[in-house]
Amino acid sequence: MKTLLKKLLVPHHLEYLALDKNFLIQEISLKVQRFADSPDEVIAGNDVRIPFPELVGTEEILIDIFEKRLPNFELKAMTRLLENGSRLYFDMYIVEFTNDENYQRLIIFFQDVSERMALEQTLVQATNEMNILLSTLAATNNYVEKIITSMAEVLLVTTASGKIKKVNQAAQDLFGYSESELVGQQIDALAAFGSSLQAVSQEEPQQSQTNAEVICTAKTGEKLTVSFSCTAISTDIKGISGSGPALQDFVYIGRDVTDRQRARKRQITQYVTTRILSASETIKKAIAAILPIICDSLGWDTAELWMPESGEKLLSETKRITAVSDPNLLRCVASWTKRSVSIPKFAEFTEQMTCAFGEGLPGFVWASGSSQWIADVTKNDSCIRREIAAEEGLHGAFGFPIVGDYDPENSAKSVLGVMILFSREVQCFDEELLQIMATIGSQLGQFIKRKQAEIALRESEEQLRDLFENATDLIQSIGADGHFLYVNRAWRETLGYTESEIAQMTVFDIIHPNSSPDSRDILYQALTQKSVNEDTLYPHSIELIFITKYHEKILLEGSISCKFAAGSLVAIRAILRDITARKMAEDALAKSVSLLLATFDSTADGILAIDRSGKIVTFNRQFVEMWGIPNEVMALRDDATTIAFVLNQMKNPQAFQERIQSLYEQPEAESYDLLEFQDGRFFERYSQPQRLGDKIIGRVWSYHDITERKQAEDALREEQEKSEKLLLNILPKAIAERLKQNETTIAEYFPEVTVLFADIVGFTALSAVMNPIELVDLLNKIFSGFDLLCEQHGLEKIKTIGDAYMAVGGLPEPRADHAEDIAQFALDMQAEIARFNASHNKYFSIRIGIHSGPVVAGVIGIKKFIYDLWGDTVNIASRMESQGLPWRIQVSETTYKLLENKYLFQERGMIEVKGKGVMKTYILIGRKSGSSSVISDQSSG
Numbered sequence: 001m002k003t004l005l006k007k008l009l010v011p012h013h014l015e016y017l018a019l020d021k022n023f024l025i026q027e028i029s030l031k032v033q034r035f036a037d038s039p040d041e042v043i044a045g046n047d048v049r050i051p052f053p054e055l056v057g058t059e060e061i062l063i064d065i066f067e068k069r070l071p072n073f074e075l076k077a078m079t080r081l082l083e084n085g086s087r088l089y090f091d092m093y094i095v096e097f098t099n100d101e102n103y104q105r106l107i108i109f110f111q112d113v114s115e116r117m118a119l120e121q122t123l124v125q126a127t128n129e130m131n132i133l134l135s136t137l138a139a140t141n142n143y144v145e146k147i148i149t150s151m152a153e154v155l156l157v158t159t160a161s162g163k164i165k166k167v168n169q170a171a172q173d174l175f176g177y178s179e180s181e182l183v184g185q186q187i188d189a190l191a192a193f194g195s196s197l198q199a200v201s202q203e204e205p206q207q208s209q210t211n212a213e214v215i216c217t218a219k220t221g222e223k224l225t226v227s228f229s230c231t232a233i234s235t236d237i238k239g240i241s242g243s244g245p246a247l248q249d250f251v252y253i254g255r256d257v258t259d260r261q262r263a264r265k266r267q268i269t270q271y272v273t274t275r276i277l278s279a280s281e282t283i284k285k286a287i288a289a290i291l292p293i294i295c296d297s298l299g300w301d302t303a304e305l306w307m308p309e310s311g312e313k314l315l316s317e318t319k320r321i322t323a324v325s326d327p328n329l330l331r332c333v334a335s336w337t338k339r340s341v342s343i344p345k346f347a348e349f350t351e352q353m354t355c356a357f358g359e360g361l362p363g364f365v366w367a368s369g370s371s372q373w374i375a376d377v378t379k380n381d382s383c384i385r386r387e388i389a390a391e392e393g394l395h396g397a398f399g400f401p402i403v404g405d406y407d408p409e410n411s412a413k414s415v416l417g418v419m420i421l422f423s424r425e426v427q428c429f430d431e432e433l434l435q436i437m438a439t440i441g442s443q444l445g446q447f448i449k450r451k452q453a454e455i456a457l458r459e460s461e462e463q464l465r466d467l468f469e470n471a472t473d474l475i476q477s478i479g480a481d482g483h484f485l486y487v488n489r490a491w492r493e494t495l496g497y498t499e500s501e502i503a504q505m506t507v508f509d510i511i512h513p514n515s516s517p518d519s520r521d522i523l524y525q526a527l528t529q530k531s532v533n534e535d536t537l538y539p540h541s542i543e544l545i546f547i548t549k550y551h552e553k554i555l556l557e558g559s560i561s562c563k564f565a566a567g568s569l570v571a572i573r574a575i576l577r578d579i580t581a582r583k584m585a586e587d588a589l590a591k592s593v594s595l596l597l598a599t600f601d602s603t604a605d606g607i608l609a610i611d612r613s614g615k616i617v618t619f620n621r622q623f624v625e626m627w628g629i630p631n632e633v634m635a636l637r638d639d640a641t642t643i644a645f646v647l648n649q650m651k652n653p654q655a656f657q658e659r660i661q662s663l664y665e666q667p668e669a670e671s672y673d674l675l676e677f678q679d680g681r682f683f684e685r686y687s688q689p690q691r692l693g694d695k696i697i698g699r700v701w702s703y704h705d706i707t708e709r710k711q712a713e714d715a716l717r718e719e720q721e722k723s724e725k726l727l728l729n730i731l732p733k734a735i736a737e738r739l740k741q742n743e744t745t746i747a748e749y750f751p752e753v754t755v756l757f758a759d760i761v762g763f764t765a766l767s768a769v770m771n772p773i774e775l776v777d778l779l780n781k782i783f784s785g786f787d788l789l790c791e792q793h794g795l796e797k798i799k800t801i802g803d804a805y806m807a808v809g810g811l812p813e814p815r816a817d818h819a820e821d822i823a824q825f826a827l828d829m830q831a832e833i834a835r836f837n838a839s840h841n842k843y844f845s846i847r848i849g850i851h852s853g854p855v856v857a858g859v860i861g862i863k864k865f866i867y868d869l870w871g872d873t874v875n876i877a878s879r880m881e882s883q884g885l886p887w888r889i890q891v892s893e894t895t896y897k898l899l900e901n902k903y904l905f906q907e908r909g910m911i912e913v914k915g916k917g918v919m920k921t922y923i924l925i926g927r928k929s930g931s932s933s934v935i936s937d938q939s940s941g
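So the sequence shown is numbered by the working numbering: it starts at 1 and just counts up by one.
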């Protein structure tokens, strides 16, 4: 002890301990025991951590100092509770010491700092304890980190929100991401579409461990099945408010079970496929069940079955847009797609495409007879559908053949079809999967071949059965005792007997006595007398009458044959045809022909039938009488001779003959025309081809004398024209048409028309001294002239009342120039009166009034129709005439304003108008020839 003290030159206020590498005390100073927790244990050879427990947990630090990785270490403010209740505070300083002889020790110096630390004791002690705790925690973390790194299972630590905090090396290796790529990401980023890892942590109860298998996606895109267990751990970190519960992290421990799950699913696929094939009645049902099983179990999105024409017939219910015409082409005959996958364009394209031998993936599998794998069809130039697959999101694909029996011609098993599967993911090559699918393909091939054989056998049996059961003939087989061994459906339906009734009958029970004697004798000889053997000659055709269940007679004819065994008759077979309807039809046809001939000869129309060569086939009596053709001409049966004979009767013989020739050149044409004779007769001529089925065998001509009807129609038409003309003389054409449509009341409002009233001045006085007939004749001549003028100007005459004449412009067809036309008409009326006076030596004068405005026009009542006008405009126009001047045309101010730019006027001034008061009026002088103003009373005076 003194030796080390001398070498260290330790100050007097320090005590020390010397330790070896194993923390055993080697030397001590004199008073070092007072610093120990157990003073008695401070002896050479004891573990220093016994008297000084503060050193527990500092072992790594002490080793680092001993091995010179750390220069020193100190523990400050250590405390001891003394027996007198006071506290001792001291610092510990640890250093490494090596002498010249490489004698190495750890030296722990102790310094009494009770006085200095009296005030700092609590703080220093807490600090030292924290350092110890951190050191311990660091050691623990290092230990845990080594465990995590060495784990074979995947470890992921996330926050409560699912953000990744920690991953181990196994997780990086499995998913292919580095730690920096994973940390900070949401854990669900590792889950495949439709799966969720975070959902595992949300299952109840959260404080215990939960387990689930989750489909994950590696960085390469590969799908992995990982079995995860999840445990929530408390972080001892409070929420933001500090008052909530401590936040939780979640630890996910995962094990890659992809291979195990894949193997299990593939075994299930093989097992289920075998079960389906053993239970399915038809190929169609088997394929419909297998396609979804393969996709769902193996994780593929869509499956297709491609087969040539022979295979497609096995799935006869499959709908096709176009028929398969080449047996050397493959076509998709069945397909299935997951509901979550939408590939409409791809499916439509597949539905319509075909693959030749070696063309596309189906054709290549077909040609090679082996399975083929494509990791990504969008990057494969040989894939026909690569562009549309890329558009629809399909990538991985593989195909395998459905093989049948050995084909000696090709020295290989025949390929019955090809199954193709697609995935939305890029798929790495899987040799094991191809081997399994090749096995399934062989199973399918054997199943198809077996079903083909069953179908062929069943079809053969059905064909024979259908041949008998669906035959329209009656087929029967009779035993040697006369009982029926077999009858077909036509036999049962025709005769009406049930199967139980047939079993009790013999053939003699239903044979009618009126049957052909020869036919009855054959049966009696064979069945009753037993006199027919293999050498017996018998007619093979028979005619019998059978009695039905309902006591009806059925006439049958057919053939029979006898079957012998060991020289004895065992059965008589007969195929009979029901000729009852035929016999009835023949009788009915004979009656119909007789009736047709009688009708043909008694019809009022003349009928002529010609064959394609121009020979007359038949004609009736009326035809001969209508045309007056001699019997000797008709006896020739030549159409050309008959035509030549009648040509001179026609008014237009050339057109008559040209029409006949035209129809002969157009055998399918039908025709109707009207023939006019020189003697005034008219015939309607109809012609149409005569057909026998779809074949035209001739032409039929029909002639109908309509002379009397034509004369009646012409007379009726003439009367109708007279009535129409009379009606148009009374009413406007538009109004007459409406009345003919049975309109009972016609009334229309016209907002702008011009009404004219004219009166022959002095005519009333003349009627007292002049003969009425002469007077009316004069008036008719004057008004007839007015009517012509009215029609010339497009105006509508309304009526005449005595010697007054009323007309209107602007209806029933509205027109913008109604006032101008009335004005010109009025001027022409003055000229017409002047002309009449000059030619008849008379001295009539005329007074005319005009007004413009709205009116209602129409026809009312049920007798003696007249088109009339109503309204204030009519009244004012009448007043303009009655209060006008002889040889003057008086117009209202309204009409004046419509005409002032084109006509000359003389202002008459204000006049008293009955019922209207004072009105300003004008005298129409004539049409303007240049620029002129209105002529007033003052200017004319």
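Beta carbons: idealized from backbone N, C-alpha and C, even for Gly.
*Where does F905 sit, in a helix, a strand or coil, going by DSSP?*
Your numbering for residue 905 matches position 905 in the sequence shown. It is a strand residue.
*I215 beta carbon less than 8 Å from that of Q198*: The residue labelled residue 198 in the question sits at position 198 within the sequence shown. The residue labelled residue 215 in the question sits at position 215 within the sequence shown. Against a cut-off of 8 Å, the Cβ pair of I215 and Q198 comes out as no contact.
*Near G399, which residues of its chain fall below 7 Å by C-beta distance, leaving aside the five closest residues on each side in sequence?*
Taking the first residue of the sequence shown as 1, we reach residue 399 at position 399. So the qualifying residues of the chain are L361, P362, V365, S371, Q372, V418, M419, I420.
*Would you please state the rounded distance, in angstroms, between the beta carbons of F429 and W300? I believe it to be under 8 Å.*
By one-based count along the sequence shown, residue 429 stands at place 429. By one-based count along the sequence shown, residue 300 stands at place 300. With a Cβ gap of about 15 Å, F429 and W300 do not count as contacting.
_Once the 5 residues before and after G496 are set aside, which same chain residues still bring their CB inside 8 Å of it?_
Along the sequence shown, one-based indexing puts residue 496 at 496. Excluding sequence neighbours, G496 sits near T548, K549, Y550.
*From W306, R266, I448, residue whose alpha carbon lies closest to that of S278*: For the purposes of this step, residue 278 is identified with residue 278 of the sequence shown, where counting begins at 1. With distances taken between Cα atoms, S278 lies closest to I448.
*When burial is assigned at 16 or more other CB atoms within 10 Å of the CB, is H818 buried or exposed?*
On the sequence shown, position 818 is the one that residue 818 refers to. The C-beta of H818 has 16 or more other C-beta atoms within 10 Å across all chains shown, which makes the residue buried.
*Let me know the secondary structure DSSP gives I455 once reduced to three states.*
Start at 1 with the first residue of the sequence shown, and residue 455 comes out as number 455. Note: I455 maps to helix in three-state DSSP.
*Measuring only between beta-carbons, confirm whether I148 sits less than 8 Å from chain B.*
No chain B is part of this structure, which consists of one protein chain only.
*Alpha carbon to alpha carbon, what distance is there between H512 and K553?*
Within the sequence shown, residue 553 is the residue found at index 553, counting from 1. Within the sequence shown, residue 512 is the residue found at index 512, counting from 1. Taking the Cα positions, K553 is about 8 Å away from H512.
*asked:* Here's the rule: buried if 16 or more other CB atoms are within 10 angstroms of the residue's CB, otherwise exposed. What is P751?
replied: By 1-based counting over the sequence shown, the position of residue 751 is 751. Exposed: under 16 other Cβ atoms inside 10 Å.
*Compute the Euclidean distance between the alpha carbons of I94 and K31, then round it to the nearest angstrom.*
The count along the sequence shown starts at 1 and reaches residue 94 at position 94. The count along the sequence shown starts at 1 and reaches residue 31 at position 31. If you take the alpha carbons of I94 and K31, they lie about 17 Å apart.
_Inter-residue spacing [alpha-carbon to alpha-carbon] between T764 and A758_ = If you number the sequence shown from 1, residue 764 lands on position 764. If you number the sequence shown from 1, residue 758 lands on position 758. Distance between the alpha carbons of T764 and A758 is about 14 Å.
*Which listed residue (Y538, T641, I579, I510) has its alpha carbon closest to that of D518*: Your numbering for residue 518 matches position 518 in the sequence shown. With distances taken between Cα atoms, D518 lies closest to Y538.
*asked:* I believe Y878 touches V761 by the beta-carbon criterion, under 8 Å. Please report the beta-carbon distance rounded to the nearest angstrom.
replied: As a position in the sequence shown, residue 878 is number 878, starting the count at 1. As a position in the sequence shown, residue 761 is number 761, starting the count at 1. For the record, residue 878 in the displayed sequence is Ser; it is not Tyr. 16 Å between Cβ atoms; not a contact.
*Thinking just about the alpha-carbon of each residue, which of V753, Y843, E748, E813 is nearest to the one in L766?*
Locating residue 766 in the sequence shown gives position 766, counting from the first residue. By alpha-carbon distance to L766, the top candidate from V753, Y843, E748, E813 is Y843.
*asked:* Measuring only the C-alpha atoms, how far is I923 from E719?
replied: Residue mapping note: residue 923 aligns to position 923 of the sequence shown, counting from 1. Residue mapping note: residue 719 aligns to position 719 of the sequence shown, counting from 1. CA-to-CA, the gap between I923 and E719 works out to about 47 Å.
*Could you check where the alpha helix (DSSP H) with D942 kicks off and where it finishes?*
Nothing can be reported for residue 942, as the shown portion of the chain is limited to 1 through 941.
*Alpha carbon to alpha carbon, how far is S460 from E432? Give it in angstroms, no decimals.*
As a first step, residue 432 is located in the sequence shown; it is residue number 432 there, counting from the start. As a first step, residue 460 is located in the sequence shown; it is residue number 460 there, counting from the start. C-alpha separation (whole angstroms): 42 Å.
*Report buried or exposed for Q111, applying the criterion of at least 16 other Cβ atoms within 10 angstroms of its Cβ.*
If you number the sequence shown from 1, residue 111 lands on position 111. The residue in question, Q111, is buried, as its Cβ has 16 or more Cβ neighbours within 10 Å.
*What are the start and end residues of each continuous alpha helix (DSSP H) run of 4 or more residues lying completely inside the region 565-641, in chain order?*
Runs of alpha helix (DSSP H) with 4 or more residues, each lying fully within the region 565-641, are found at 580-602, 621-627, 631-634, listed in chain order.
*If you check the beta carbons only, do T494 and D578 fall under 8 Å apart?*
Numbered from its first residue, the sequence shown carries residue 494 at position 494. Numbered from its first residue, the sequence shown carries residue 578 at position 578. Yes; because the gap between Cβ atoms is below 8 Å, this pair is in contact.
_Assumed close pair T231, T258 - CB separation to whole angstroms, cut-off 8 Å_ = Taking the first residue of the sequence shown as 1, we reach residue 231 at position 231. Taking the first residue of the sequence shown as 1, we reach residue 258 at position 258. Contact doesn't hold; Cβ gap of about 23 Å is too wide.
*With 16 other CB atoms within 10 Å as the buried threshold, where does S234 fall?*
Translated into positions along the sequence shown, residue 234 becomes position 234. So S234 ends up on the exposed side.
_Environment of D937 [buried if 16+ CB atoms lie within 10 Å]_ = Looking up residue 937 in the sequence shown gives position 937. Confidence at D937 is low in this model, with a pLDDT of 41, below 50, so the placement of that residue is unreliable and no value is reported for it.
*Fully enclosed by the region 264-349, which alpha helix (DSSP H) runs are 4 residues long or longer?*
Within the region 264-349, the complete alpha helix (DSSP H) runs of at least 4 residues are 283-298, 309-312.
*In the DSSP assignment, what are the bridge partners of Q111?*
Start at 1 with the first residue of the sequence shown, and residue 111 comes out as number 111. Answer is L14, D91, bridged to Q111.
*Please determine, among L779, T273, E312, K284, the residue with the shortest C-alpha to C-alpha distance to I293.*
Here the question's residue 293 lines up with position 293 in the sequence shown. The shortest Cα separation from I293 among L779, T273, E312, K284 belongs to T273.
_Using a Cβ-Cβ cutoff of less than 8 Å, which residues in the same chain neighbour P53 once the five nearest sequence positions on both sides are dropped?_
Along the sequence shown, read from residue 1 onward, the residue named residue 53 stands at position 53. Around P53: D37.
*Pick helix, strand or coil for N514, following the three-state DSSP scheme.*
Locating residue 514 in the sequence shown gives position 514, counting from the first residue. Note: N514 maps to coil in three-state DSSP.
_Length at least 3, wholly inside the region 162-232: the beta strand (DSSP E) runs in chain order_ = Here the runs fully enclosed are 164-167, 210-217.
*Which term fits P630, buried or exposed, when burial requires 16 or more other beta carbons within 10 angstroms of its beta carbon?*
Within the sequence shown, residue 630 is the residue found at index 630, counting from 1. So P630 ends up on the exposed side.
*Pick from T337, Y686, Q690, G628: whose alpha carbon is nearest that of I943?*
Outside the shown range of the chain (1 to 941) lies residue 943, about which nothing can therefore be said.
*asked:* Looking only at its chain, what residues have a beta carbon closer than 6 Å to the beta carbon of P39, apart from the 5 residues adjacent to it on each side?
replied: Counting from one through the sequence shown, the residue named residue 39 turns up at place 39. Here P39 has Q33 as same chain residues with Cβ atoms under 6 Å from its own Cβ, once five neighbours each way along the sequence are excluded.
*Under three-state DSSP, which class holds N141?*
Sequence index remark: in the sequence shown, residue 141 carries index 141 (1-based). Secondary structure at N141: helix, using DSSP grouped into helix, strand and coil.
*Nearest to T603 by CA position, among G393, V113, E625, is which residue?*
Here residue 603 corresponds to residue number 603 of the sequence shown, with the count starting at 1. It is E625.
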